[in-house]
Amino acid sequence: GLHRTAAFKLTQVTSSDQRYTVLELPYLGRALSLQVVLPSDRKSPLSSLESQLTAHQLASWESGLRRTKMDIFLPRFRMQNKFSLRSVLPALGVSDAFNPTAADFTGISVEEGLYVSDAVHEVRIEVTEDGTKAAAATVFIIPAMVLLKRSRAPVFKADRPFLFLLRQVNTGSILFMGRIMNPADQVM
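Set out below in structure tokens:
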């Protein structure tokens, strides 16, 4: 997994009954950022944190982020998902394209009776030591206690369930969001 001692953006958040830390890491250069949201209480369910995620809450994280030197332990993880947009697109006004009798693609094809049978969205995210897909990686296992004794930097250790958000830096748009429920199963 990722272990690094460096300065990254961090904020501590307390809202109603929740306390958690938000860590922001650069992802694939500077255009994207990976935000890792780690509850302070090990017993705190992620669902109670997820229910509080609003645009206002995300904006408050942004304003609270401060560059802090710290030790970071983050498991490497990979997630992919595929889902049909067939039921989503009509709600956005795209319905004729799926209807064999109403679809009109004469502007792009001379083929008669052309229509869309399905639209599939596939997403994949992978977090490794260097933030990109790594073919081979060397992991150095350092006893945590040795590290903690030597370092005076605060420690951010994602060794319990956490949320992550992949965001576009200039717009703040969320491109991908997920949860890691068993970080111990990942390579730490």
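Just so we're aligned, residue 32 is where the sequence shown starts under this note's numbering, counting upward by one. Even for Gly, the Cβ is constructed at its ideal location relative to N, Cα and C.
Proximity of residue i and residue j at Cβ, strictly below 8 Å
{"i": "leucine 54", "j": "phenylalanine 39", "result": "yes"}
{"i": "isoleucine 211", "j": "phenylalanine 195", "result": "yes"}
{"i": "arginine 97", "j": "threonine 42", "result": "yes"}
{"i": "serine 64", "j": "arginine 191", "result": "no"}
{"i": "histidine 152", "j": "phenylalanine 207", "result": "no"}
{"i": "alanine 150", "j": "leucine 116", "result": "yes"}
{"i": "serine 79", "j": "glutamine 111", "result": "no"}
Cβ-Cβ separation, residue j to residue i (assumed contact under 8 Å), whole Å
{"i": "methionine 101", "j": "valine 154", "result": "At roughly 29 Å, the Cβ-Cβ gap does not stay under 8 Å, so methionine 101 and valine 154 are not in contact."}
Three-state secondary structure (DSSP) of residue i
{"i": "phenylalanine 129", "result": "helix"}
{"i": "proline 174", "result": "Bear in mind that a pLDDT of 40 at proline 174, under 50, signals an unreliable position, so the model cannot answer this."}
{"i": "proline 214", "result": "helix"}
{"i": "serine 148", "result": "coil"}
{"i": "leucine 63", "result": "strand"}
{"i": "glutamate 93", "result": "helix"}
{"i": "glutamate 157", "result": "strand"}
{"i": "threonine 163", "result": "Confidence is the limiting factor: at threonine 163 the pLDDT is only 41, short of 50, which leaves the residue's position unreliable and the question unanswerable from this model."}
{"i": "serine 204", "result": "coil"}
{"i": "proline 121", "result": "helix"}
Opening and closing residue of the beta strand (DSSP E) in which residue i lies
{"i": "glutamine 43", "result": "33 to 46"}
{"i": "serine 115", "result": "108 to 115"}
{"i": "leucine 84", "result": "It is not in any beta strand (DSSP E) - leucine 84 carries neither H nor E in the DSSP assignment."}
{"i": "threonine 52", "result": "49 to 58"}
{"i": "glutamine 195", "result": "Per the sequence presented here, residue 195 reads as phenylalanine, with glutamine not at that position. Counting along the chain, the beta strand (DSSP E) containing phenylalanine 195 begins and ends at 193 to 199."}
{"i": "valine 141", "result": "Neither: valine 141 is in no beta strand (DSSP E) and is coded neither H nor E."}
Discussion item. Any contact between the stretch 137 to 147 and the stretch 60 to 69? By contact I mean 3 or more CB pairs, one from each, below 8 Å.
Written reply: Between the stretch 137 to 147 and the stretch 60 to 69 there are fewer than three inter-stretch CB-CB distances shorter than 8 Å, so the stretches are not counted as touching.
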